[in-house]
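Going by mature numbering (1 follows the signal peptide of the UniProt record, and there is no 0), the letters in the sequence shown line up with residues -23 to -1, 1 to 477, in that order. Think of the CB as a built atom: it goes at the ideal place given N, C-alpha and C, for glycine as much as any other residue.
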Amino acid sequence: MSSSTSSALVLAAAVLLAALTVAQHGSLAAAAGPRVIIVGAGMSGISAAKTLSEAGITDLLILEATDRIGGRMHKKNFSGINVEIGANWVEGVNGGKMNPIWPIVNETLKLRNFLTDFSVATNIYKEDGGLYDEAYVQKIIDRADAVESKGEKLSASLPASGSDDISILAMQRLYDHQPNGPATPVDMVVDYFKYDFEGAEPPRVTSLQTTVPNPTFTDFGEDEYFVADHLGYETVVHYLAGQYLKTDSSGKIVDPRLLLNKVVVTEISYSSSGVSVRTEDKSVYKADYVMVSTSLGVLQTDLIHFKPKLPTWKILVIYQFDMAVYTKIFLKFPKRFWPVGKGKEFFLYASTRRGYYAAWQQLEKQYPGANALLVTVTDEESRRIEQQSDNQTKAEIMEVLRKMFPGEDVPDATDILVPRWWSDRFYKGTYANWPVGVSRYEVDQLRAPVGRVYFTGEHTSDKYTGYVHGAYLAGIDSAEILINCAQKKMCKYLVKGKYD
């Protein structure tokens, strides 16, 4: 055999070996499936990643800007007790369908939870002190409930397109014959407790058709359970993550596919061949697809730049929805001066200024002996309070409490916790609310992918916007859309016309 022939055979063998190696690596890559980056490790992002993993898409990278998973499910230590500054309730229990969060909380994790008593007829305080007569208050509550029942019937008669949708306030004017809606202090605070306390925005901006009746309570039941466990409500998210991410012996997530802190996503570039995600520290991560699970509030800011820009229809629908603000202010006192017991969990302050420190909850049942109160503010009051010091807020609150309880020795609060969701660039609010005229057609657009960029979050839930179970189910829904494209080559996502 000549040296040239020998060389040729060696070269041929090398080429064959290289070809086999490439083929082998190619088959391994194919077996591993597509690479997916998930932006955000809140409930919807973790739920989406779990769904992808269960479908065999395990080449995942979860980028979380903060130092924790859970997003707007967040416990904080407050004067020795762990309180929830974000989501607190399992809302919708004991109905015809099972809320998917309830068995995880109550049976699997066995988190401490308490059935909430929302009755307030005997607990509405006058602006300058003392209680309103129960019969007078009950008459107002009954009238508000009757008007809402009429609103439910009207809502059911409206076309699904949302073209004839009206605000809850317009419905109240129609059936309550009050030109400006609820106007007296008691009318206003009952109205606030019925609507703002749930949706975080006033009836004048909230859609009748998509919120009355509330699908969560219609589907899952009227009961709500307050989670008050030292482990935190966010344990639900950790539990879901632990089903597909590696953990150590203590249960801490140690999976390299989860990156926490200092991975603030600032740019998402996408094309027909893949995506590129750039973070604030100048790192670049490439993948086949990206799932964006940030809050609606973040999408409405310029924190993340998309290249090319998102299409006009997508930008428009992002701005059509409202990102509401719901602020739970916790206070600790050296002693208790408020009533407790059956029917006394909530009490309301009927100010002439609507929503001014209106909704109070005493936490003796959840945290015995802690002498803790929770007051909730929303919307413009939330934004105002976020921009002042905690000492200013405490001074305002103490003035209100001393007006409510003029005959009591009301000591200064020893501690106060004021969350600032609206000011936080990673959230810019607490949850989405349905404005007038926005139907499930717009939600479908909000959820719809743009090329290889997919979207999820509580704001993409077509029935349960704003709820923990909405975020959980939205993660599953969005992941299944991605799975249809990546595995089944069914990449065309059809959005039915608004009037279909």
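Over the uninterrupted alpha helix (DSSP H) stretch that includes residue i, give me the two end residues.
| i | result |
| --- | --- |
| T304 | Unbroken run through T304 is the beta strand (DSSP E), 303 to 309; no alpha helix (DSSP H). |
| K380 | 367 to 381 |
| V427 | Unbroken run through V427: none, as it is neither H nor E. |
| Y216 | 212 to 218 |
Quick one: what does DSSP say residue i is sitting in, helix, strand or coil?
| i | result |
| --- | --- |
| I281 | coil |
| D168 | helix |
| N54 | strand |
| D356 | helix |
| P412 | strand |
| S246 | strand |
| I460 | helix |
| D439 | coil |
| E178 | coil |
| N83 | helix |
| L471 | coil |
| Y344 | coil |
| T391 | coil |
| D386 | coil |
| A64 | coil |
| I362 | helix |
| V(-2) | Legend: pLDDT at V(-2) = 32, less than 50; position of this residue unreliable, no value from coordinates given. |
| A9 | Unreliable positioning characterises A9 in this predicted model, as indicated by a pLDDT of 47, which lies under 50. A coordinate reading is not provided. |
| G69 | strand |
Is residue j closer than 8 angstroms to residue i when the C-beta atoms are compared?
| i | j | result |
| --- | --- | --- |
| D94 | G320 | yes |
| F307 | L394 | yes |
| A177 | T355 | yes |
| Y152 | Y326 | no |
| V214 | M381 | no |
| Y431 | V267 | yes |
| V261 | S253 | yes |
| E435 | Q297 | no |
| I14 | A349 | no |
| V377 | Y334 | yes |
| A463 | P11 | yes |
| Q149 | P192 | no |
| D421 | V387 | no |
| Y221 | S455 | no |
| V70 | E201 | yes |
| F310 | V97 | no |
| S132 | Y476 | no |
| W66 | V204 | yes |
| A409 | D258 | no |
Between which two residues does the beta strand (DSSP E) holding residue i run?
| i | result |
| --- | --- |
| Q297 | Premise fails: Q297 lies in the alpha helix (DSSP H), 289 to 297, not in any beta strand (DSSP E). |
| G251 | 251 to 256 |
| I20 | Sequence inspection shows Met at residue 20; the Ile mentioned does not correspond to that position. Looking at the DSSP string, M20 is not in any beta strand (DSSP E); the run it does join, the alpha helix (DSSP H), is 20 to 31. |
| A112 | Run containing A112: none in the beta strand (DSSP E); it sits in the alpha helix (DSSP H), 111 to 134. |
| D200 | 200 to 204 |
| F197 | Premise fails: F197 lies in the alpha helix (DSSP H), 192 to 197, not in any beta strand (DSSP E). |
| N90 | 90 to 92 |
| L235 | 235 to 237 |
Opposite residue i in the DSSP bridges: which residues?
| i | result |
| --- | --- |
| L350 | L308, Q339 |
| S144 | S184 |
| Y326 | Y102 |
| L38 | I14 |
| F432 | V269 |
| I230 | T224 |
| N59 | N54 |
| L108 | Y102 |
| Y262 | V254 |
| G47 | G19 |
| M75 | The partner list for M75 (beta bridge, DSSP) is empty, contrary to what the question assumes. |
Segment contact, 8 angstroms Cβ cut-off, at least three pairs: the stretch 225 to 234 with the stretch 76 to 94 | no
Pair every Cβ in the stretch 59 to 75 with every Cβ in the stretch 412 to 429, then say whether three or more of these pairs are closer than 8 angstroms.
-> no
Count the C-beta pairs between the stretch 394 to 403 and the stretch 109 to 129 that are closer than 8 angstroms, then say yes if the count reaches three, no if not.
-> no
Would you be able to state if there are at least three C-beta pairs under 8 angstroms between the stretch 64 to 79 and the stretch 441 to 460?
-> yes
At least 3 beta-carbon pairs within less than 8 angstroms: the stretch 278 to 293 vs the stretch 47 to 57 | no
Does the count of Cβ pairs from the stretch 295 to 312 and the stretch 345 to 359 closer than 8 angstroms reach three?
-> yes
Is the stretch 410 to 422 touching the stretch 256 to 274 in the sense that three or more CB pairs, one from each, lie closer than 8 angstroms?
-> no
Hey, is the stretch 149 to 167 in contact with the stretch 95 to 114, meaning 3+ C-beta pairs nearer than 8 angstroms?
-> yes
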